[in-house]
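Here the structure comes first, spelled out in structure tokens, and everything after it is commentary.
Protein chains: 4
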Amino acid sequence: MSITTRRARSENKKTLLREESVRRLTASAVRLIVEKGYHASTLQEIADGAGLTKGAIFFYFDSKENLLLNILDRAEMEIVDTLIEHLDTLQTTAAEKIAAFFRFTSQQGISRPYELLCLIKMSIEGRNSTELADKRVYQIYERIRGKLEEIVREGKSTGEFAPSLPSSEFASVIIAMHDGMMLEWHRRGKDIDGKILVRTVWKTILNGVVVKQPTEDDRATGRN
Amino acid sequence: MSITTRRARSENKKTLLREESVRRLTASAVRLIVEKGYHASTLQEIADGAGLTKGAIFFYFDSKENLLLNILDRAEMEIVDTLIEHLDTLQTTAAEKIAAFFRFTSQQGISRPYELLCLIKMSIEGRNSTELADKRVYQIYERIRGKLEEIVREGKSTGEFAPSLPSSEFASVIIAMHDGMMLEWHRRGKDIDGKILVRTVWKTILNGVVVKQPTEDDRATGRN
Amino acid sequence: MSITTRRARSENKKTLLREESVRRLTASAVRLIVEKGYHASTLQEIADGAGLTKGAIFFYFDSKENLLLNILDRAEMEIVDTLIEHLDTLQTTAAEKIAAFFRFTSQQGISRPYELLCLIKMSIEGRNSTELADKRVYQIYERIRGKLEEIVREGKSTGEFAPSLPSSEFASVIIAMHDGMMLEWHRRGKDIDGKILVRTVWKTILNGVVVKQPTEDDRATGRN
Amino acid sequence: MSITTRRARSENKKTLLREESVRRLTASAVRLIVEKGYHASTLQEIADGAGLTKGAIFFYFDSKENLLLNILDRAEMEIVDTLIEHLDTLQTTAAEKIAAFFRFTSQQGISRPYELLCLIKMSIEGRNSTELADKRVYQIYERIRGKLEEIVREGKSTGEFAPSLPSSEFASVIIAMHDGMMLEWHRRGKDIDGKILVRTVWKTILNGVVVKQPTEDDRATGRN
DNA sequence: TATGAATGAGGGTTCATTCAT
DNA sequence: TATGAATGAACCCTCATTCAT
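Chains as they are written, first to last, in the UniProt record's numbering: chain V, 1 to 224; chain E, 1 to 224; chain W, 1 to 224; chain L, 1 to 224.
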């Protein structure tokens, strides 16, 4: 084996190590932020949770805020980007897209339970401060809101939703319901069945709770 | 003027002073907790906001946590107690009660915008810790959840809601929607019209968003 | 009854009240200083112990240090003055005077257990600071030391004590033994019999602990 | 030089640094506790005295009380353990052991003047509180008392001491005399010759102060 | 005569951050 | 690549002190 190969392999090993450390630190931070909030989570705890030291955080992220920004960037890429791409590929009704929105994030909520909650929690904790992270969170929410508004307008134009439905407010309602649901889910922990909760939420959004004479559609598909 | 009268008047003055100080301190604390969260709000800021000094906080509340507990107690009394009493006096359908729930809290959200948000924010920030305040918040949420569950069961028994509607989960959905709405409202600030938001929320809950062949009821009452 | 008499009686009543309050405050302070030391005793605790408020302390004593000075003055008057007067009236041997010193203070230790200990504790806690109270304590100790040195010199001049006995150091030894005894007594609390302890101390000082061929004196008086 | 060696040397350097800092902090704390007592000594002063910052104290000791516990542990090891071992190796009379006790601690009082005084002062300041440190001090005193009682009983069994000598009380007398002596020494500072004081103390304990017809022993050895 | 409200200086403690190694 | 030692600003809290009543 040549020296270069050995060095290359060594470099590769280092990169892997590096990535592993970054991964563990962010994972630990995300978990703690979800559990106790950003301000209440200390770097010591984050480092402990990652099996590293405080110094390592500064080595990789330079500051606590930067670690947070990093997490937000990652969350935007892995959740929001994917979500929007997913919604864009769908060729269905607006109502179906909204259901898809819930389906998607609740799947995220199962596969990566913390990233999403972290985003939501950060949007609540940091309100009204001028920090970089808050602006970042604000931008992310604007993107989601924009997409939902687009879907709502689409639904109104196809006659699916009532023309009187206020688009901006209804986009907010969807976000409100979604975030509220995730928080309540987290609040109740194991007291509640997540799947039933999610289904109840988006069925409520679509059809409401008051019993109605079933429409022809409902009768045909056997929907509740 | 007799000594007793003079003393009584003096005592009264002191009581007023005391109440005014307590009121200003809690108001300042509530405002800051809503803006930046409990952990991020310092006693210095709270005292400054009340036009008093840190020492005054300890004179009245003994500790930061105790100040919080005091706020929670007050919030429970002024919001939750009143809400539940209000709902109990209503002689209407379950659906109407749920609408009343939203109407009530959104009125609260206007008249005392911070108490309610403070409660919601605390329910999010403090998750998973064993502090007294967290237990307190948990209890308060249990009360509201219990009341809503009762209403849902009532609605099912009168045939208003579908029998298949899961009571516990649906109570959570209402809370989720409510809290989510309040948070989104707060998040968007003046970008959004609160009244329209609230109306959109509870109409969505009751009837859903999908346009349906209007039922006879709807036609008669002119409901959307 | 004439008005003057009534006023006089009222004045008298006030004076009594005043004295009672002062008495209770100093008593409470002395007790606490003995229990936990001067620095660790807060005015709040002192006031509580007296059934009054912090304000009362300032009303009567102007400051915490002044309260202490007051206590020291009282202690000097009631204990040291009396002690020295008592020793001066005695027409006995020097050895007997030393025994009388122990007898006297241990009686004080029973009748007013705290004043004496307070003095001793203050002499230990405050070393090397420039506060007024420390100087005061120093003066008091100098008086006692001076008196004891006088007695020792007296004993040497009458041939009672060995001429080689260093007067100053031996005065210190007596004080050391005395203070050490009081502290050990306090340290052990009810574990030990005070009377036996005191007797053991001064008998040790006078005759030592090693068994000796009894002298004619001893044989006659049956000492040790 | 291999990497391991370099690392080892670096580790060693760190260990030295650590020990030096710990040593300086404890030394500073001990000095201050002796001078002004535990409660009156602030962490700022302690840190200043060690040429470090308050933060360093928490880095090494976690809390003020823990720093004190650390000091007590060290004092027990270096003074009490050594003392008891020393006494155990002696093959002499009980009287001689008591003299050895004084000789030992007064040597300690010269070589490490503060540790011993710190122990004594702490035994006085903390009385009657339930803190950990107080219990610790109590335990240490019990050990010394136990050892002394053992020696006294030994002396009585060999006929060296009078059978009537109360063992427990006499152990306390020795401690009283010892502690009182150390305190008086510290109280008087440079006004007094320490060596003469110590000699006067233990000679007084052994033989008392009253002049006696010299025994045959005394005549032979030339003892005072 | 004495209190209760309030202060402010300073106490112990926490925590993000720095830096030599 | 990562640590351990150390810092300093700011935190919650304590406590002697002031003052109107």
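Even glycine gets a Cβ: it sits at the ideal position worked out from N, Cα and C.
Under the rule that 16 or more other beta-carbon atoms within 10 Å means buried, what is residue i, buried or exposed?
i, result
"L183 (chain E)", "buried"
"K97 (chain W)", "buried"
"K13 (chain L)", "exposed"
"R31 (chain W)", "buried"
"E76 (chain E)", "buried"
"Q108 (chain L)", "buried"
"S123 (chain E)", "buried"
"I120 (chain V)", "buried"
"T26 (chain V)", "buried"
"I46 (chain E)", "buried"
"F61 (chain E)", "buried"
"R223 (chain L)", "Confidence is the limiting factor: at R223 (chain L) the pLDDT is only 40, short of 50, which leaves the residue's position unreliable, though a coordinate-based value still follows. With fewer than 16 other Cβ atoms within 10 Å, it is exposed."
"L148 (chain L)", "buried"
"G189 (chain W)", "exposed"
Assign residue i to one of three DSSP states: helix, strand, or coil.
i, result
"V209 (chain E)", "coil"
"Q108 (chain W)", "helix"
"D88 (chain W)", "helix"
"I192 (chain W)", "coil"
"T15 (chain L)", "helix"
"T204 (chain W)", "helix"
"G126 (chain L)", "coil"
"T82 (chain V)", "helix"
"E154 (chain W)", "helix"
"P113 (chain E)", "helix"
"E149 (chain L)", "helix"
"E131 (chain V)", "coil"
"E216 (chain E)", "Its pLDDT being 45, under 50, E216 (chain E) is placed unreliably in this model, and the value from its coordinates should be taken loosely. It is helical."
Please tell me whether residue i and residue j are closer than 7 Å, where the distance is taken between their beta carbons.
i, j, result
"E169 (chain L)", "I79 (chain W)", "no"
"K54 (chain V)", "Q44 (chain V)", "yes"
"G180 (chain V)", "A50 (chain E)", "no"
"A94 (chain V)", "G155 (chain V)", "yes"
"N207 (chain W)", "G159 (chain L)", "no"
"F104 (chain W)", "L83 (chain W)", "yes"
"V173 (chain E)", "V201 (chain V)", "yes"
"A40 (chain V)", "H39 (chain E)", "yes"
"L87 (chain L)", "A29 (chain L)", "no"
"V198 (chain L)", "F102 (chain L)", "yes"
"R112 (chain V)", "L72 (chain V)", "no"
"R153 (chain V)", "S164 (chain V)", "no"
"R143 (chain E)", "A171 (chain E)", "no"
"T204 (chain E)", "I205 (chain V)", "yes"
"A162 (chain V)", "V211 (chain E)", "yes"
What residues match up with residue i in a beta bridge as DSSP calls it?
i, result
"F102 (chain L)", "Paired residues: none, contrary to the question."
"V161 (chain L)", "The amino acid at residue 161 (chain L) is misidentified as Val; the sequence shows Phe. F161 (chain L) pairs with W:V210."
Under 6 Å: does the beta carbon of residue i sit that close to some heavy atom of the ligand GTP?
i, result
"A171 (chain L)", "Among the components of this structure there are no ligands whatsoever, and the ligand GTP is therefore not found."
Discussion item. Quick check on the DSSP output: what are the complete alpha helix (DSSP H) runs of length 4 or more inside the UniProt domain "HTH tetR-type" (19-79) of chain V, in order along the chain?
Written reply: 43-50, 54-61, 64-75
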